[in-house]
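Read in numbering that gives the first Met the number 0, the sequence shown has 90 at position 91, and its numbers run on one by one without any break. Read the structure below first, then the notes.
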Amino acid sequence: MPYRRTSSLFAAATGAATAAVALVSALALAPAAAAAPIPLPDHHSADGLTRAGHHAPAGAHGGHADHLTVTVAHSGSARTDGTFELYCHPARGTRLDAARAARACAELDRMTRWGRDAFAPVPQSARCTMMYGGPATAHVSGTWAGRRVNADFRRTDGCEIDRWGRFEPMLPSTVS
């Protein structure tokens, strides 16, 4: 009898180990794409199909393509405080000259990457210098590259100052 119990325990353990190996093997063979970001849907318009993350022609998507509303406060200049509009593809804006609008659009194009939010806030875990850049704030809303934008900017520490600087000339240069 003791031999049988050992044998059945051994068989059960062997069966469990075999099942575990099969499960690990199946997981190892699962496609790596499962961890990839979910692709955005394509957009259909009168101008045809526009792949997500690519810029639509002006006026596509009901006129909502690449349009941002920027509100700046406490920048230290009455000329740069206030609300203005930025349109890209083609570049134009309210309260922005054509050259600055073109530079802002080109910089936003350069920062745009599939699967990344160019307007993402500074991560909470970021280590930032305790440098104060002044009271300037900005709020940006609208649509960029087919995605909704709702971002706040400030200059309260080194990371936020750096993030603000990456968005110049859309955001005004400020003197710290």
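For every residue, glycine included, the Cβ atom is placed at its ideal position computed from N, Cα and C.
Beta-carbon contacts of residue i that lie in its chain and below 8 Å, excluding the five residues immediately before and after
i, result
"His73", "Asp80, Gly133, Pro134, Ala135 and Thr136"
"Asp161", "none"
"Trp163", "Gly132, Ala135, Ala137, Phe152, Arg153, Arg154, Leu170 and Thr173"
"Thr111", "Gly52, Ala117, Trp143 and Ala144"
"Val97", "Note that residue 97 is Ala in the sequence shown, not Val. Closer than 8 Å at Cβ, skipping near neighbours: Ala90 and Arg91."
Under 9 Å between C-beta atoms of residue i and residue j
i, j, result
"Glu159", "Phe166", "no"
"Asp65", "Trp143", "yes"
"Arg146", "Tyr131", "no"
Whole-Å CB distance - residue i paired with residue j, under 8 Å assumed
i, j, result
"Val148", "Leu67", "6 Å"
"Arg91", "Pro168", "At roughly 14 Å, the Cβ-Cβ gap does not stay under 8 Å, so Arg91 and Pro168 are not in contact."
Spatial neighbours of residue i in its chain, beta-carbon cut-off 6 Å, leaving aside the 5 residues before and after
i, result
"Arg115", "none"
"Thr70", "Thr82 and His138"
"Gly141", "His66, Leu67, Thr68 and Val148"
"Cys104", "Cys87 and Ala90"
"Gln123", "none"
"Ala150", "Phe118 and Val139"
"Ala77", "none"
"Glu106", "none"
Continuous alpha helix (DSSP H) stretch holding residue i: start and end
i, result
"Ala100", "Ala97 to Met110"
"Glu159", "Gly157 to Arg165"
Residues near residue i by beta carbon distance below 7 Å, same chain, minus five either side
i, result
"Ala125", "Cys158"
"Ala100", "Leu85, Ala90, Arg91 and Gly92"
"Asp176", "Absent from the structure is residue 176, since the part of the chain shown begins at 0 and ends at 175."
"Ala31", "Its pLDDT being 46, under 50, Ala31 is placed unreliably by the model, and the measurement read from it follows with that caveat. Counting only Cβ-Cβ distances below 7 Å, and skipping sequence neighbours, we find nothing."
Opening and closing residue of the beta strand (DSSP E) in which residue i lies
i, result
"Trp143", "Thr136 to Trp143"
"Arg146", "Arg146 to Arg153"
"Ala77", "Segment: none, Ala77 is in no beta strand (DSSP E) and carries neither H nor E."
"Ala72", "His66 to Ala72"
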